[in-house]
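Numbering (full-length UniProt numbering), first residue to last: 1 to 487.
Where a beta carbon is used, it is the ideal one built from N, C-alpha and C, also for glycine.
What follows is a single structure, written as structure tokens, with notes after it.
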Ligand SMILES: Nc1ncnc2c1ncn2[C@@H]1O[C@H](COP(=O)(O)OP(=O)(O)OP(=O)(O)O)[C@@H](O)[C@H]1O
């Protein structure tokens with residue numbers, strides 16, 4: 001077994017270079033001339049060369065273009081850590097082919113030690129998501145990365161509402177390693193609910209999901225990649241190509257005679273109005289949510305309901321401390337949890353019985369009736385760019401984060417909270433309530449208004465939400481959501 005660093009002597013143009021892989025980075029000098037074309041490397045010498053340092057996670061593939069031409073494909077932070085990563089193909093001439101092949105095998109063996117190389121993906125592109133750029137994102141950014149990594153895929157452009165759900169219901173799950181969407185969260189919501197309608201639902205949910213931002217909100221993508229990268233398709237594709245399956249909770253939502261599964265949010269009041277009542281502002285992209293929310297806060301819109309919840313923690317300081325403690329724990333991957341889970345989950349049963357069950361005192365329900373600006377349960381910290389509404393949300397704590405803005409909040413506190421939600425600090429506003437709950441139920445007082453499940457319209461009728469631990473998985477490099485609360 002070779003030991004680090006793995007070294008290879010090669011030529012780049014007319015210059016002799018050394019490729020050195022130390023287990024964390026691949027480092028090499030780029031001659032000045034090459035640099036003019038490939039401008040991301042950092043100067044390391046007085047005049048002739050600059051040093052490139054590519055992280056392991058950024059290395060997609062190493063191939064031979066011809067017998068003596070080695071190509072390193074990387075999706076890397078060429079323009080700095082806050083900018084979108086970019087695909088680059090570094091080409092080198094090698095003399096000793098056997099040595100180069102050995103080096104290639106050593107490096108790729110390490111780069112892909114935890115992740116299968118050359119996965120096969122089902123990809124769903126919603127041409128009408130967000131501002132309608134999904135197809136361009138596929139052609140210009142995503143497809144070249146999938147190809148460069150040696151992955152294969154089946155692509156479907158969704159042609160109508162529920163198309164993704166129909167596909168998920170019929171998908172030959174054994175053929176694929178993951179299902180990915182270029183869209184907003186609506187397409188993945190459909191995939192999840194399509195899987196749920198299969199007789200082999202538990203098995204289908206073992207297929208990890210991947211999110212490439214192409215919608216308006218892109219909550220999952222922001223939650224995985226954070227504020228700086230949530231809109232960067234290349235970073236999202238990198239997480240799909242190099243990520244592992246992270247277990248993620250799913251909420252069962254019962255309403256009337258239906259049961260729907262939600263992975264983003266369940267909103268009532270202001271946030272539902274903003275989500276569903278701002279379609280006419282779609283041309284604004286993600287800014288449509290901010291504009292609509294501002295209008296609602298200034299108008300002091302409220303909605304009445306009976307709210308019942310099963311509290312686990314109601315003290316924001318403790319929630320904050322638990323968030324930090326959880327982040328200090330080692331990451332757990334789905335291949336470690338899904339088998340355990342199978343024992344408990346032959347069927348997905350709602351422990352608290354759903355919307356038609358009586359609220360048992362012995363379960364510890366807290367019940368209140370009031371006017372609220374908004375009541376929003378969520379499993380993701382971000383709902384869109386600049387909206388970290390549920391900053392303490394964790395992928396697999398088995399709990400729903402419940403955000404409550406009271407009806408008598410007032411314009412000033414409402415505006416403060418809205419501004420602070422850009423960074424998640426609103427939960428420390430004294431008028432805002434933020435709870436960790438096992439389940440909650442909303443019974444609207446009025447007969448009409450908006451309720452949104454993962455951004456999808458749902459009837460204005462009572463609904464109950466309950467979290468199910470680690471039922472699905474999402475491809476992630478870090479195994480956690482981006483940091484959404486300060487340390
Ligand atoms: N070809 C299509 N024509 C019309 N609707 C479609 C089509 N393909 C998908 N849809 C529907 O579009 C809805 C919204 O999709 P998606 O979530 O991708 O975008 P978005 O709403 O802009 O983004 P976000 O959910 O992030 O706000 C989904 O409910 C989906 O069923």
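Review point. Hey, which unbroken runs of the alpha helix (DSSP H) at 4 residues or more fall wholly within the UniProt domain "DAGKc" (116 to 257)?
Key: 134 to 137, 143 to 148, 163 to 170, 185 to 196, 201 to 204, 219 to 229 and 233 to 242
Review point. Is residue 126 near ligand 1, judged by its Cβ being under 6 Å from some heavy atom?
Key: yes
Review point. Shortest alpha-carbon distance to residue 92 belongs to which of 15, 267, 350 and 253?
Key: 15
Check your understanding: Under the DSSP definition of a beta bridge, which residues are partnered with residue 402?
Key -> 377 and 435
Check your understanding: Around the C-beta of residue 440, are 16 or more other C-beta atoms found within 10 angstroms, so that it is buried, or is it exposed?
Key -> buried
Check your understanding: Start and end of the beta strand (DSSP E) containing residue 476?
Key -> 463 to 476
Check your understanding: Hey, how far is the Cα of residue 45 from the Cα of residue 64?
Key -> Low per-residue confidence applies at residue 45: pLDDT is 44, beneath 50, and the placement is therefore not dependable enough to give any value.
Review point. Does the stretch 116 to 131 come close enough to the stretch 143 to 163 to have 3 or more Cβ pairs within less than 8 Å?
Key: yes
**Study point:** residue 382, DSSP secondary structure in three states
**Key:** coil
Review point. For residue 479, which residues of its own chain have a beta-carbon under 8 Å away from its beta-carbon, when the five flanking residues on both sides are left out?
Key: 244, 246, 331, 332 and 333
Review point. Which residues mark the beginning and the end of the beta strand (DSSP E) in which residue 88 is found?
Key: 86 to 93
Exercise for review: State the CB to CB distance for the pair residue 87 and residue 144, rounded to an integer number of angstroms; the pair is presumed to be in contact (CB under 8 Å).
Suggested key: 6 Å
Check your understanding: With 16 other CB atoms within 10 Å as the buried threshold, where does residue 213 fall?
Key -> buried
Review point. Taking DSSP as the reference, what is the three-state secondary structure of residue 272?
Key: helix
Review point. Starting from residue 487 and walking both ways along the alpha helix (DSSP H), at which residues does that stretch end?
Key: Looking at the DSSP string, residue 487 is not in any alpha helix (DSSP H), and its letter there is neither H nor E.
Review point. Would you say the beta carbon of residue 160 comes nearer than 6 Å to a heavy atom of ligand 1?
Key: yes
Check your understanding: Would you call the stretch 413 to 428 and the stretch 231 to 245 touching, i.e. three or more CB-CB distances under 8 Å?
Key -> no
Point to revise | Range covered by the alpha helix (DSSP H) that runs through residue 111 | key: 97 to 111
Review point. When the Cα of residue 226 is compared with those of 186, 380, 177 and 328, which residue comes out closest?
Key: 380
Check your understanding: Cβ atoms of residue 153 and residue 273: under 7 Å apart, would you say?
Key -> no
Check your understanding: Going by Cα to Cα distance, which pick from 72, 327, 216 and 76 is closest to residue 89?
Key -> 72
Review point. How far does the alpha helix (DSSP H) with residue 415 in it reach, from first residue to last?
Key: 411 to 420
Review point. Contact check, residue 388 vs residue 437 under 8 Å by CB: the rounded distance?
Key: Not quite, the Cβ-Cβ distance comes to about 19 Å (not below 8 Å), so this is no contact.
Exercise for review: Quick one: grab the DSSP three-state call for residue 277.
Suggested key: coil
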